[in-house]
Amino acid sequence: MSAAWALLLLVCAVAPWSETAAGEPSTDYTMIQRAFLREDFQAVTSLAPAFFERDPEAQELPRVWIWLALSLDRLQRSNEALKQLDLLKIRLEPGAPLWPEVIFWEGEISRLSHQTLRAKLAYRRLLDRFPNSSWASQGQLGLGMIALQEQAFDVAAQHVHEVALRQAGTPVALQALLLEGFCDLRLQRFQEAVTVLEPLMGQLKEPHALTQAAFYLGESLSGLGRYREAARAYHQAIDSPQWRHPALFGLGWADYKVGRCEESVEAFERYLSEGEATGHGPSLPSADANHRTEALFAQGSCLMQLGKEEEALQRFQEVVSGDPRHALALESGLTIADAYQKQGEWILARELLHALLQHHPDPLSRAQIQLPLGAVALAEGDAARAKAAFGLAAQSDQPSLRQAALNGLGDIEMFLGHLVAAQRFYEEALRVADGTSAALYATYQLGHVQLQLGAFDEAAGIFTRLSAAGDSAFADDARLALVITYLSQHREDAARALLDAVRETRPADGVVAGRAAYYEALLALSEDHARKARQLCEEAMAKAPGSDEAFEARLLLADLEVEAGERPEREVVDALERLYASDQLPRHLRARLAKRLGDLARDEHAGSRAITWYEETARLLPSMSGEIAYRIASCHEELGDLDEAARWYEGIEEPPWRVRGLLAAAKVLERQGRAAEAEAIYERLAREPIPEAQAVQERLAVLREESLGTR
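So for the sequence shown, this note's numbering puts the first residue at 629; every next one is plus one.
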C-alpha cells in the first residue's frame, strides 16, 4: 500500500460518521471502525452487512458503506467494491456532504483496477460538481495519475502542477510536486525537474517519498551531465528496497562518467549481484536487461582504465553474448577484437567481427566493423582484402569513419611500398577534418612517407609540429620519429638534445624512456661506447617490452655480444631462427627479423641462404621490397653472377632504392665492360632532379672521355 493511499484510508477511517449527527456513535459502528483502522478488511466485510440489516436507516450507514467498499477493494474485489458504491449513490440524498468523497473513491478504485474510462468520468464529475471540495485536489491528482499510466506526461504535469499550486504546503501538494518532477524527467525537461525536486528534498518527511524524490533527482542531474551531484542523490536512494536497485545503477553510471572507476565498478557489482527491485509508484520504464548490458559495458570500460584487462574483456564478452544486437554489444565486440589483434589472434578477431556484421547490418555499424576487418587483413598481409574492407568504410557518410578508412587505405599503400599513393590517401584524410585523432595520425604517417622518400627536412618539419601537440597521443611517437630523422641526416647533436629532453619530461621508468634508450644506444655506439650501448639496450628491453625499439635493441645487443666474443655468431643465428619459428612476433617485426637473418647469412658468405631470407622479408613486408631487391642483387654480385645482379639492380622501382639500384647496375655493367649500357643509365639519371646528380654527371663525363680515348 502506498503512503498516499494509507493516508487517505486513515482520513476516511477517522472522518465524522455524519456531519449533521449529534451524540456518540453506536458500538457496532465503533467495532467496524476499529477493524478498518487495523486493516482487518475481512472483518469489515463481515460486520458491515449485519450493521446494515440491524438499522438500515442509521445515520452512520454511509460511512460504513464507504469502509465496506474500500475493504472489498483492498481484498482485490474491486468490482464488488464499485457495486457497493453504486448502491450507496442510490441511497445518498442529492445534497449529502459525502458525495465528493464517494465520487472520488469511485474514481480511485476504478483507476487502480484499470477501469480507466470510469475513473476519468468519476474524477471529472468530481471536479465539475464539487470544485471547491477538499476532495477535488485528490480527483485532479487522480487524473494526473491516469495520464501517467497512459504516458501522457505533458497532460499529467498540468494536472499535478495545478494541485501543487492549489494546495501549497499540504501533503497532497508535496505528492503532486513529486509527480511533477517525475513528469519533467520523463519529458527530458531535466532542468525543470531539478528545479521542482531539489527544494522538495528538504520538505518531504516520509522516507519512501524522500528516496523516490532522491532517485528522480539523480536521474535528472544525470540528464544534465551533473554526475557528481547525481551520485550524491543516488546515495540517498540506495537504502530504499524499491529504489535501491535502479539507484545503484545510476550511481555506478554517474561514477563511470566522471572517471571514478573503482567506485563505479563496486556500485555495478552490487547492482548486478542483487535482484530486481519491486514496489509501487511511478518509475522509469522497466529496462533491467538494457541496464544490465550498460552496467557490464561500463564496468568493462572502467576495468580497462584500471589496468584489469582480463576482467574487462570478460564483461565485454558477457555484453556480446547476452545482448548481441545491443549498440553496446557492437562497441564491446570491437574492443574484444582489438584485444585479439594485440595478441596476434587474427582468426579469432576476424570471426568475431564477422559475427558482429550478422547482428549489426545497418550501414553505420557495418562501416565501423569494416575498419578493424581491414586492419586484421592488413596485419595478415592480405592487402586485397584489407583494401576491400577499408574501401567499404570509406563510403560512409560519417566523417570520422571515412577519415579512418582513408588512413587505412594509406597504410595499405605504405605496406606495399607505394609511398606516393599512400601520401595521396593521407592528404585526402586530412581534408575530411582537422584536429581529430585520425588527422594527427595522417599527419604522422605523412612524416614517415617523407622520411622514407629521403625528404628529411620535410619529415623533420612534420614531426616537430606533432611533437608540440602537448598531450597528444602522437607527441611522443613524433619526438622519437624526429630522432630517427636527425640520425638519418647525421645530426647526432640534435638527436641527442631531443633525447635528453625526452628524459627530462617523461617518467624515468616509463615506456617512452625505454624506447628512447634504444636510440641513445645507437648514439653511444657511434661514439664507440659499446658498453654503454649494451646497458641502454637492456634498459629499452626492460622498460618498453613489446615495442619495436625493444625488438631492435634485442638484435643490436646480440650483435654487440658477438663482437665482444661473448657469444658465437652461430649461437645467435640459431636463437634468432628459433624466435622466427615461434611465430610470436607481429608481421612487421618478423620481416625485420628475416632481414636480419639474411644479413647474418651474408656475413657468413652464405649468399643463397641470405637470398632466401630476403625473399621471405619481401613476402612479409612488401614496403621493404626496394631495399630487399637491392640486397638480393648485392648477394648475386657477391656470388659472381653479375648478369643477375645487374638485372635485379635495374628492376628496382621503389624510391630511394631505384636510384641506388641504377647506380649499382651501372657499376656492374662497367665491371663487365658494357660501358655503353652503363652510360645510358647515367644519362637517364642525369636528367632527374636527384641529390646524386652531380656525381652522375662526373661519372658520365669520365665514361665519355674514356669512350673517346678508345676510338
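Heads up, the beta-carbon is just placed ideally off N, CA and C, and yes, glycines get one too.
Checking 8 Å against the spacing of the C-beta atoms, do residue i and residue j come in under that value?
i	j	result
V602	R856	Since the first residue of the chain shown is 629 and the last is 1339, residue 602 is not available in this structure.
F1091	Q1117	no
A1149	A1168	yes
L1006	F1043	yes
G846	A837	no
A804	L769	yes
R1218	L1248	yes
Y899	S892	no
L713	W733	yes
A801	T839	no
A1022	R1030	yes
K1171	D1137	yes
R1342	D656	A question about residue 1342 goes unanswered here, because the residues of the chain that appear run from 629 up to 1339.
L980	A965	yes
Taking the continuous alpha helix (DSSP H) assigned at residue i, which residues delimit it?
i	result
H1233	Per DSSP, H1233 belongs to no alpha helix (DSSP H) and is neither H nor E.
V886	Premise fails: V886 is in no alpha helix (DSSP H) and is neither H nor E.
E736	W727 to L740
R1198	E1197 to A1209
Q712	S706 to R719
T673	F669 to R682
Q766	A764 to Q777
D1025	Careful: D1025 lies outside any alpha helix (DSSP H) and carries neither H nor E.
L807	P799 to R814
D1104	A1103 to S1116
Q996	P991 to A1007
S1262	S1253 to E1266
Select from the options the residue whose C-alpha is nearest the C-alpha of residue i.
i	options	result
A861	S848, A1007, V1077 and A957	S848
V1111	A1123, D1104 and Q1051	A1123
D1104	A1304, H873 and V1140	V1140
L1344	S960, G972, K1015 and P1027	Outside the shown range of the chain (629 to 1339) lies residue 1344, about which nothing can therefore be said.
Q987	H954, L976 and S960	Strictly speaking, residue 987 in this sequence is His, with Gln absent from that position. Of H954, L976 and S960, the residue nearest in Cα terms is H954.
E1281	E1255, E734, R1299 and D1176	E1255
K1295	P1317, R1315 and D1271	D1271
F896	D1269, R943 and R854	R943
W881	A923, G1301 and A842	A923
Y1310	R1299, S1236, G1301 and V1287	V1287
Have a look at residue i and residue j and give me their C-alpha separation to the nearest angstrom.
i	j	result
L793	F877	34 Å
V1324	R1275	20 Å
D1121	E938	44 Å
Q1073	N918	41 Å
A1066	F1102	11 Å
P1000	G1019	12 Å
L1225	S1251	18 Å
L1068	H787	55 Å
C811	L958	32 Å
E894	F818	27 Å
L1058	A1293	39 Å
Y844	I694	35 Å
L689	P722	16 Å
L1079	C930	39 Å
E1316	Q1322	11 Å
E1132	L1094	18 Å
G1279	S960	48 Å
D1010	G1002	9 Å
D1062	Q996	20 Å
H1076	W1241	25 Å
Which of helix, strand or coil does DSSP assign to residue i?
i	result
Q870	coil
E1334	helix
F758	coil
K1223	helix
K1171	helix
T1064	coil
V1324	helix
A796	coil
G830	coil
I660	helix
G1036	helix
S1154	helix
E1120	helix
R953	coil
Q1300	coil
A1329	helix
T906	Note that T906 scores a pLDDT of 41, beneath 50, so its modelled location is shaky; the value from the coordinates is reported in the next line. DSSP places T906 in coil when its eight states are reduced to three.
I1090	helix
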